[in-house]
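Chemist:
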Ligand SMILES: [Zn+2]
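Next up, the structure:
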């Protein structure tokens with residue numbers, strides 16, 4: 207069982223989800239609540255995930 211992980215560009219907190227779609231909402235939720243000033247739109251979030259997200263095993 208793996209999950210998708212991305213670290214927040216602002217505070218470095220790791221955000222994880224079962225797939226990229228869920229990760230996208232995690233990222234958007236995190237930025238909306240923690241970094242309102244650095245929030246970005248869905249396209250930018252998607253791009254960031256494509257570039258930086260990685261698989262993490264849940265062993
Ligand atoms: Zn953050």
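Numbering (the numbering used here), first residue to last: 207 to 265. Virtual Cβ for every residue (Gly too), placed ideally from N, Cα, C.
Quick check: does the Cβ of residue 216 come within less than 7 Å of any heavy atom belonging to ligand 3?
Modeler: Because ligand 3 does not appear in the structure shown, any question about it cannot be addressed here, the ligands present being ligand 1.
Chemist: Measuring CB atoms only, is the region 252-260 touching the region 237-244, in the sense that at least three cross pairs come out at less than 8 Å?
Modeler: They do not touch, by the three-pair rule.
Chemist: Which residue marks the beginning of the alpha helix (DSSP H) containing residue 238, and which one marks its end?
Modeler: Looking at the DSSP string, the run of the alpha helix (DSSP H) that includes residue 238 is 226-240.
Chemist: How far does the alpha helix (DSSP H) with residue 253 in it extend, from its first residue to its last?
Modeler: From DSSP, the alpha helix (DSSP H) with residue 253 extends over 248-258.
Chemist: I'd like to confirm the pairing. Which residues does DSSP put opposite residue 223 in its beta bridges?
Modeler: DSSP output for residue 223 lists 210 as bridge partner(s).
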